[in-house]
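Chains as they are written, first to last, in the UniProt record's numbering: chain G, 1 to 137; chain F, 1 to 495; chain X, 1 to 524.
Backbone N, C-alpha and C fix where the C-beta goes; we use that ideal spot for every residue, glycine too.
One structure is given here, and the rest of the page talks about it.
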Amino acid sequence: MLETVLGLYNYWIVIILMMAGFYTVIARGNLAKKVIGLNIFQTSMFLMYITMGAVESGTAPIVAEGATLYTNPLPSVLILTAIVVGVATTALGLALAVRIREAYGTLEEDDLRVLEDRQDTLRDTAATQDGEQPVSP
Amino acid sequence: MMPPLPDPAQIIAACLIVPALGTLAILLAGRWPNLRETVTLATAGTLAACVLSLLDPVLAGGRPTLTLWEVLPGAPLAFTVEPLGMIFALIASGLWVVTSVYAIGYMRGNDEHAQTRFYACFAIAILSAMGIAFAGNLLTLFLFYEVMTISTFPLVTHKGSEEAKRAGRVYLGLLMGASIGLQLVGIVACWILAGTLDFQVGGLLAGHVDGWPVLVLLALFVFGTAKAAVMPFHRWLPAAMVAPTPVSALLHAVAVVKAGVFTVVKVVVYVFGLDLLTDTAGSDWMLYAAGFTILSASFVALRQDNLKRRLAYSTISQLSYVVLAAAILAPLSVMGAALHIVAHAFGKITLFFAAGSIYTAAHKTEISQLDGIGWKMPWTMGAFAIGSLSMIGVPPTAGFLSKWFMLSGAYDTQAWVAIAVIFASTVLNAAYFLPIVYRAFATRPAPVGPGHADHGEAPLPIVAALTLTAAGSIGLFLFPDVFLSLADQLVGGRP
Amino acid sequence: MMLSQTLPALQVVLPLVAAPLCLFLRPPKLAWLFAMAVGTATLATAIALIIQVQHTGPIHYEMGGWAAPWGIEYVIDPLDSLILGLVSGIAWLVLVYAGPSVEAEIHRDQIPAFYVLFLLCLTGLLGMVATGDVFNLFVFLEVSSLSTYALVAMGRDPRALTSAYRYLILGSLGATFYVIGIGLLYMMTGTLNMEDLARRIPEVADTRTVAVAIAFLAVGLALKLALFPLHKWLPGAYTHAPSAVTAFLAATATKVAIYVLVRIFFTVLGPIDAFQTLPAAISETQVVAVLAMLAMLSGSAVAVFQTNVKRLLAYSSIAQVGTMMLGISMVSVTGMTAGLVHMVNHALIKGTLFMALGAVALRVGSVRLEHLDGIGYRMPVTFAAFLVGAFSLIGVPMTAGFISKFILVRGALEDGHWLMAAAVVVSSLLAIVYVWRILEVAYMRSPPATAPRVREAPLVMLAPLWLLALGNLYFGLDTTYSVGLAQDAADYILTYMPGEGPPGEHPGLGPGARPAVPSSGGAH
Chain G
1 MLETVLGLYN YWIVIILMMA GFYTVIARGN LAKKVIGLNI FQTSMFLMYI
51 TMGAVESGTA PIVAEGATLY TNPLPSVLIL TAIVVGVATT ALGLALAVRI
101 REAYGTLEED DLRVLEDRQD TLRDTAATQD GEQPVSP
Chain F
1 MMPPLPDPAQ IIAACLIVPA LGTLAILLAG RWPNLRETVT LATAGTLAAC
51 VLSLLDPVLA GGRPTLTLWE VLPGAPLAFT VEPLGMIFAL IASGLWVVTS
101 VYAIGYMRGN DEHAQTRFYA CFAIAILSAM GIAFAGNLLT LFLFYEVMTI
151 STFPLVTHKG SEEAKRAGRV YLGLLMGASI GLQLVGIVAC WILAGTLDFQ
201 VGGLLAGHVD GWPVLVLLAL FVFGTAKAAV MPFHRWLPAA MVAPTPVSAL
251 LHAVAVVKAG VFTVVKVVVY VFGLDLLTDT AGSDWMLYAA GFTILSASFV
301 ALRQDNLKRR LAYSTISQLS YVVLAAAILA PLSVMGAALH IVAHAFGKIT
351 LFFAAGSIYT AAHKTEISQL DGIGWKMPWT MGAFAIGSLS MIGVPPTAGF
401 LSKWFMLSGA YDTQAWVAIA VIFASTVLNA AYFLPIVYRA FATRPAPVGP
451 GHADHGEAPL PIVAALTLTA AGSIGLFLFP DVFLSLADQL VGGRP
Chain X
1 MMLSQTLPAL QVVLPLVAAP LCLFLRPPKL AWLFAMAVGT ATLATAIALI
51 IQVQHTGPIH YEMGGWAAPW GIEYVIDPLD SLILGLVSGI AWLVLVYAGP
101 SVEAEIHRDQ IPAFYVLFLL CLTGLLGMVA TGDVFNLFVF LEVSSLSTYA
151 LVAMGRDPRA LTSAYRYLIL GSLGATFYVI GIGLLYMMTG TLNMEDLARR
201 IPEVADTRTV AVAIAFLAVG LALKLALFPL HKWLPGAYTH APSAVTAFLA
251 ATATKVAIYV LVRIFFTVLG PIDAFQTLPA AISETQVVAV LAMLAMLSGS
301 AVAVFQTNVK RLLAYSSIAQ VGTMMLGISM VSVTGMTAGL VHMVNHALIK
351 GTLFMALGAV ALRVGSVRLE HLDGIGYRMP VTFAAFLVGA FSLIGVPMTA
401 GFISKFILVR GALEDGHWLM AAAVVVSSLL AIVYVWRILE VAYMRSPPAT
451 APRVREAPLV MLAPLWLLAL GNLYFGLDTT YSVGLAQDAA DYILTYMPGE
501 GPPGEHPGLG PGARPAVPSS GGAH
């Protein structure tokens, strides 16, 4: 029992981070916080890959004198790629958040929904009242 | 020297290509009404000639086929001309010529809008009727069946009014819904059970299925073919009466509804086979469903004051005669079913022509307005009387012939229910048709109010068309040989 | 190396390298022409690949000369070639179409960026199909997804931004779920090569780690392909994206995601019947089939009440994704064929419909139902194409949609799935209702008297639109290619068995390749 808890501590960390990030993405209404939650979620995945490649008492996978046991390099390499992807996602997400703030003046999900609904109805009534073809902004 | 006759397969192709080209030509000639109408007539004439030229080979026992490419693996687009299809093609193409003449008079007389669309859709509908008539397998039949539904939709909603739109929704929803929801499932099930969709003499399902699935499959086909208007899938037909009269006449008395009952008969004969249905008693319920439809539609018809609606309910009831005759499963009654397709076509188209004629000349649509109209429009109402007699089944009209065969078949198999239904409905038919004739000839016309010009006969093309079809009704009684021998071949007779 | 041998790499590398070059072409016309040329070359490559695969069977290509399973391998098998042809074909048509549409809907300065993103998105989609490595697939998945988010955000409406943002969050979650699943599989097998994974997975099939991996993969991919109830991102993204983007996305993006699901569950995890174990994890009923049916019914039902035609068609897409998944969930050759054929056919259908809508948006400025009165008479040629696509969506005979419906019902009845057949039928009846609402407005109302006269869409938009519309008719009448190819592919996938592995020591199973997972397995 103790071994499952302590011996696999790295996986516990992964799981805690994963759930924390996932919860943030779902539960938070602020768009910036959602992106941060997504980041945490992805970080847990990075950690999972890296820990599974680790070898006890192994050294970094660089050919050096005296080293006989290396850590598996492949997961680290994969995660380098995944980190790049993660950064791109974050950048894009935040950029969108900035643009949304410019367009709507808020970053809160609830407010945004209200504004969007209003936009829907506004458009409808405008269209039915004067019968003009609305041209989108 | 006679020029050599072209290959029958080529003629089948021509039967499909001619109306297709006609449609294109009609669309192109849209700006010039005279040219457009000439094209319509020329197309109708050519098509009728094509179909007629197939008659001799078929009468001689030949079954010309034309197989195009495979739409699905194992299910090609294929056409086979067999007697029942020949009957259907003959009346559809032949009556198209007459209806074209009539339509020209009617559309011009009433100054209808969007006439080009009207003629084009009409040609497509006939094209699909040809496809249904000659279909060599269930897939081809279904393809053209749906084309017919869609091409007739703009004709039904021709007026464009709210009422027409509502009618269009019922029309499309019922016809397409039933065909996709039930018929398609039946076709797929057939394919899985029998491994083929090709129509076969003796039934493609024979030997592949037994017991209650036969009943379910038959129900999928009979109700899925909503064009046959077996209750409760009949509501589209009264709704479709908002269409201009030529549409009601040719499509909702001949092409569309006959495509429905034709499909039912074809499915009974070539998909299930009479033996399979007799052995499994899978079609007993069909007898009752059709009987119920016949009687209840007749009762509803009694109460209709609108002439076209009364005709529509009469059509529903008459269509179920065909279904009933097929369900009796006796060879003689199946012959009766085939003959009734012809007899009803001529009779009902006459009645609709007459209704349109009254509308064009007198702008009257209700039966209660028809007092004494027979003396002002003798040709029209004379033809109407002949059509009515044919519906009731009084000699010397074609309706007598088909009813005779049905009754003989029913007597052979001791289907007393069927016999009772036929007799009861004959009385009802008389009860809702004869008062119209009586009113037209035996009562005094209502005085013409000031400001209303009195009217005479309808324009010549209309009168000519309805006289022709009325004459056809009598002609069929006197010279039924062609259709008799086709019907005989349908149930296995040798040429 | 011969050109023909490098085709699999060329397929992906060509648009990837070409994409950034668009940035240097400032005039919108120039960027468009360049992107179109790239699209043409990509399509030519795809066609060459289809022909080659038909002649020689699956093609293997080792990236950078590193042999699999060490290096990344590209594999083109019958299924791949089908999807590559579909994606690059649609991309080409959309690129031709995009010119005028994009100029009208996107700010002039952003147009070169648009083509960069479009080509990147294409690269990602093609890469996902071509690659034979599950992690490489993730990279391409993100390449296409990230560019898609940006493309959606280019829409004129401010709601495009929020839609793109929601799509980004859900899409990234889906992709991360996928990588976690892949990581767990790697943990157990030490390999990322698809064929190699298929070879090794049976040894560890009964471990809990693999079960968890399957669950993560299923959820991640279901998010990407918008399977009910994970479809929330789709309506917004389709509605507010620029017209050309919607046409492209609707025709390809979800299809490629479905392809990935088929690839992972039927070939990579095929030897352990992973797909069939999905229901067992939750209940006795087939969970995918149930979700697919719910998608078909709910998507169609919601579509009936939409007034924005783009949104209406987006909900219809959710239903159609359900249709495809239903076919796949039958796990029979006929069902799989139906699913794959519908992928192709639905791409044609939705491509046609969204392209036609784009043309309407260009000329009329709105795609809301209340502004489309009599549009069938105002833009007859454009809307006639819409009519063809709409009939195909209903499944009228002689159109492509009929074929897929027919095979699907056949697949359902063959195995006695009456409920599935009923769901297909009911959802097509609903399709009649929502399609007819549009057609009634378009053809049975007269154009408002005040409406300005509008011209037809320009020829470069009409030509691809009508090509797709005619494709709908062609594939409804002659199914040698669509059904034929799909059936080959279905046969291939369902009987898939990995070849013999390379001799010698395996790279992933060196010392300590499975170090820190002492008890995660075996406890089953």
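Close Cβ partners of residue 576/X (< 6 Å) along its chain, the five nearest in sequence each way excluded: Look at the range of chain X in this structure, 1 to 524, and you will see that residue 576/X is not part of it.
D478/X and W69/F closer than 8 Å at C-beta: Along the third sequence, one-based indexing puts residue 478/X at 478. Along the second sequence, one-based indexing puts residue 69/F at 69. Contact flag set, yes.
For V287/X, the three-state DSSP class (helix, strand or coil): Mapped onto the third sequence, residue 287/X falls at position 287. Helix, per DSSP.
Beta-carbon gap between M187/X and M52/G smaller than 8 Å: For the purposes of this step, residue 187/X is identified with residue 187 of the third sequence, where counting begins at 1. For the purposes of this step, residue 52/G is identified with residue 52 of the first sequence, where counting begins at 1. A Cβ-Cβ contact shorter than 8 Å links M187/X with M52/G.
Nearest-angstrom beta carbon gap, A415/F and L287/F [assumed within contact, 8 Å]: Here residue 287/F is taken as the residue at index 287 of the second sequence, counted from 1. Here residue 415/F is taken as the residue at index 415 of the second sequence, counted from 1. Cβ-Cβ separation between L287/F and A415/F: approximately 7 Å, consistent with a contact (criterion under 8 Å).
Local conformation of W69/F per DSSP, three classes: Counting from one through the second sequence, the residue named residue 69/F turns up at place 69. Strand, per DSSP.
Beta-carbon proximity check, A49/F vs A129/F, cutoff 8 Å: On the second sequence, position 49 is the one that residue 49/F refers to. On the second sequence, position 129 is the one that residue 129/F refers to. One thing to note: A49/F has its Cβ no nearer than 8 Å to the Cβ of A129/F.
Where the beta strand (DSSP E) through A75/F begins and ends: Against the second sequence, residue 75/F aligns to sequence position 75. Residues A75 to T80.
Contact set between Y104/G and chain X, taken where Cβ atoms lie within less than 9 Å: Sequence index remark: in the first sequence, residue 104/G carries index 104 (1-based). Within chain X, P158, L161 and T162 have C-beta atoms less than 9 Å from the C-beta of Y104/G, given in sequence order.
Secondary structure of D198/F, DSSP reduced to three states: For the purposes of this step, residue 198/F is taken as the residue at position 198 of the second sequence. Strand, per DSSP.
Residues, ordered as in the chain, of the segment 81-110 of chain G that lie near chain X by beta-carbon distance below 8 Å: The segment 81-110 of chain G vs chain X, Cβ under 8 Å: T81, A82, V85, A88, T89, L92, G93, L96, A97, R99, I100, A103 and Y104.
Stretch pair the segment 91-103 of chain F + the segment 248-262 of chain F: three plus CB contacts closer than 8 Å: These segments touch.
Rounded straight-line distance, which links the Cα of A60/F to that of V322/F: Taking the first residue of the second sequence as position 1, residue 322/F is located at position 322. Taking the first residue of the second sequence as position 1, residue 60/F is located at position 60. About 26 Å.
Extent of the continuous beta strand (DSSP E) to which Y61/X belongs: Counting from one through the third sequence, the residue named residue 61/X turns up at place 61. It spans I59 to E62 - the beta strand (DSSP E) in which Y61/X sits, taken as one unbroken run.
Sub-8 Å separation of G382/F and S390/F beta-carbons: The residue labelled residue 382/F in the question sits at position 382 within the second sequence. The residue labelled residue 390/F in the question sits at position 390 within the second sequence. For G382/F and S390/F, no; Cβs fall outside 8 Å.
Local conformation of A281/F per DSSP, three classes: Taking the second sequence and counting its residues from 1, one reaches residue 281/F at position 281. Secondary structure at A281/F: coil, using DSSP grouped into helix, strand and coil.
8 Å Cβ cutoff met for M355/X and P271/X: In the third sequence, residue 355/X corresponds to position 355, counting from 1. In the third sequence, residue 271/X corresponds to position 271, counting from 1. With contacts defined as CB atoms closer than 8 Å, M355/X and P271/X fail to qualify as a contacting pair.
Residue-level contact to chain X via CB, A126/G, 8 Å cutoff: As a first step, residue 126/G is located in the first sequence; it is residue number 126 there, counting from the start. With a pLDDT of 44 at A126/G, under the threshold of 50, the predicted position of this residue should be treated as unreliable, and no value is reported.
Bridge partners - N72/G, DSSP secondary structure assignment: Counting from one through the first sequence, the residue named residue 72/G turns up at place 72. Bridge partners of N72/G according to DSSP: none are assigned.
Near-chain F residues of the segment 476-490 of chain X (beta-carbon distance less than 9 Å), N- to C-terminal order: Answer in chain order: G476, L477, D478, T479, T480, V483, G484 and Q487.
Minimum C-alpha distance to A490/X - residue among P15/X, G57/X, D196/X and V333/X: Sequence index remark: in the third sequence, residue 490/X carries index 490 (1-based). When each option's Cα is compared against that of A490/X, the closest is V333/X.
Buried or exposed (CB count within 10 angstroms, at least 16 for buried), G29/G: In the first sequence, counting from the first residue as 1, residue 29/G sits at position 29. It counts as exposed.
Runs of alpha helix (DSSP H) wholly within the segment 14-57 of chain X (minimum 4 residues, chain order): Listed in chain order, the complete alpha helix (DSSP H) runs (minimum 4 residues) inside the segment 14-57 of chain X are 28-56.
Closer than 8 Å at the beta carbon, the chain F residues around R410/X: The residue given as residue 410/X occupies position 410 in the third sequence. Neighbours of R410/X on chain F, chain order: V188, W191 and I192.
CB contact below 8 Å: L353/X versus chain F: Here the question's residue 353/X lines up with position 353 in the third sequence. Not an interface residue.
CB contact check: V5/G to chain B, cutoff 8 Å: Absence of chain B from the displayed structure is noted, the protein chains being G, F and X.
For Y74/X, the first and last residue of its enclosing beta strand (DSSP E): Counting from 1 along the third sequence, the entry for residue 74/X is found at position 74. Where Y74/X is concerned, the enclosing beta strand (DSSP E) stretches over E73 to I76.
Alpha carbon of L49/X to alpha carbon of L353/X, nearest angstrom: On the third sequence, position 49 is the one that residue 49/X refers to. On the third sequence, position 353 is the one that residue 353/X refers to. The straight-line gap from Cα to Cα measures roughly 29 Å.
Residues of its chain near L151/X, where Cβ-Cβ distance is below 6 Å and the 5 sequence neighbours each way are ignored: In the third sequence, residue 151/X corresponds to position 151, counting from 1. Excluding five sequence positions before and after L151/X, the CB atoms of its chain that fall closer than 6 Å to its own CB belong to L117 and V245, given in chain order.
Contact with chain F by F406/X, beta-carbon distance below 8 Å: Position 406 of the third sequence holds residue 406/X. Contact with chain F is found for F406/X, since one of that chain's Cβ atoms lies less than 8 Å from the residue's Cβ.
Alpha helix (DSSP H) runs contained entirely in the segment 4-39 of chain G, provided each spans 4 or more residues: Contiguous alpha helix (DSSP H) elements confined to the segment 4-39 of chain G occur at 9-27, taking only those with 4 or more residues.
Which residues DSSP lists as bridging N137/F, in chain order: Here residue 137/F is taken as the residue at index 137 of the second sequence, counted from 1. Note: N137/F sits in a beta bridge opposite D198/F.
Bridge partners - D133/X, DSSP secondary structure assignment: The count along the third sequence starts at 1 and reaches residue 133/X at position 133. BP columns for D133/X point to N193/X.
Coil, strand or helix - E366/F by DSSP: Stepping through the second sequence from its first residue, residue 366/F is reached at position 366. If DSSP states are grouped into helix, strand and coil, E366/F belongs with the strands.
Where the segment 24-47 of chain G meets chain X: residues whose CB sits under 7 Å from a CB there: Residues passing the 7 Å Cβ filter: V25, L31, K34, L38, F41, Q42 and M45.
Close Cβ partners of F352/F (< 7 Å) along its chain, the five nearest in sequence each way excluded: Taking the first residue of the second sequence as position 1, residue 352/F is located at position 352. Cβ neighbours of F352/F beyond the five flanking positions: T245, S248, A249, A253 and L311.
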